[in-house]
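According to the numbering used here, the residues represented by the sequence shown are 185 to 396, in order.
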Amino acid sequence: MTDDNPSHERDAGADVVTGDSEEAVAPPQRRRLALFIGGGVLIVVGLVLGIWAFLPGPSEPVAGPTPSVTPSETPIATPTTTTSVAPESTATAAVEETDEGATESAPPAEPDAATAVINSFTVSPETAVCADDRASTVALTFSWSTSDAEVAWIAEGTNDASVQPFEQVAVNSSSYTGLEYECFAQEQLFTLTVQGEAGNTSVSVSVVRQLD
Numbered sequence: 185m186t187d188d189n190p191s192h193e194r195d196a197g198a199d200v201v202t203g204d205s206e207e208a209v210a211p212p213q214r215r216r217l218a219l220f221i222g223g224g225v226l227i228v229v230g231l232v233l234g235i236w237a238f239l240p241g242p243s244e245p246v247a248g249p250t251p252s253v254t255p256s257e258t259p260i261a262t263p264t265t266t267t268s269v270a271p272e273s274t275a276t277a278a279v280e281e282t283d284e285g286a287t288e289s290a291p292p293a294e295p296d297a298a299t300a301v302i303n304s305f306t307v308s309p310e311t312a313v314c315a316d317d318r319a320s321t322v323a324l325t326f327s328w329s330t331s332d333a334e335v336a337w338i339a340e341g342t343n344d345a346s347v348q349p350f351e352q353v354a355v356n357s358s359s360y361t362g363l364e365y366e367c368f369a370q371e372q373l374f375t376l377t378v379q380g381e382a383g384n385t386s387v388s389v390s391v392v393r394q395l396d
């Protein structure tokens with residue numbers, strides 16, 4: 185009886201020792217399994233990310249056919265009627281309406297400057313009867329009539345009495361006796377010159393000598 189118990193006790197102790205070693209070994213195996221599973225998950229995630237990175241991006245939308253635009257019909261031009269206005273007559277244009285409604289005619293154009301006119305210029309006698317051809321003289325009478333003249337001159341031996349005036353006279357005269365015929369000359373020229381706004385006008389007469 186003494187021999188059997190110790191053996192049983194050893195076997196029981198052995199069992200106890202064996203159970204402790206199994207419990208001691210179990211935790212490392214679980215850790216390795218957990219690491220293996222975690223590593224596998226990481227590998228799978230990495231593969232998924234790599235495949236996703238190499239996938240082509242979204243394709244650009246394909247443009248559809250451009251709708252054609254039907255040209256509108258060409259509008260038809262509407263004819264335009266133009267009404268011309270006749271110009272006002274010269275007489276109407278010359279009349280201007282004042283502020284009070286009355287009308288007054290435009291001022292007339294200024295007339296051209298008047299030209300002096302010698303209507304007549306005569307001498308009497310036209311032939312001087314001389315007793316000799318020396319220093320004797322014959323009395324002469326001049327008369328003239330003018331229009332629009334302002335100044336008058338009379339002279340002997342010239343065609344323009346205003347250049348070499350013998351005497352300034354009236355613009356109209358019927359009995360001027362200020363000049364005489366000198367018998368030493370066979371002929372003498374007498375000129376009347378008048379001046380108007382537009383200039384000078386001259387007329388000449390001749391007296392010839394006749395010996396008695």
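C-beta atoms are modelled at their ideal positions from N, C-alpha and C, and glycine is treated no differently.
Extent of the continuous beta strand (DSSP E) to which residue i belongs
i    : result
G380 : E371 to G380
F305 : V301 to S308
E366 : E364 to E366
N384 : G383 to L395
E340 : V335 to E340
Buried/exposed call for residue i, threshold 16 Cβ in 10 Å
i    : result
A339 : buried
W337 : buried
V392 : exposed
L376 : buried
Three-state secondary structure assigned by DSSP to residue i
i    : result
Q348 : coil
V353 : strand
A323 : strand
A315 : coil
Residue of the options minimising C-alpha distance to residue i
i    : options                   : result
V387 : N343, L226 and R214       : N343
T361 : G234, W328 and R393       : W328
D296 : V229, V391, V392 and G380 : G380
G341 : G224, V335 and A369       : A369
L363 : V225, P309, V301 and I302 : P309
T306 : A345, V389 and T330       : V389
Contact with chain C by residue i, beta-carbon distance below 8 Å
i    : result
W236 : Included in the structure is just one protein chain, with no chain C present.
Are the region 308-319 and the region 350-359 in contact at 8 Å, needing three or more beta carbon pairs?
-> no
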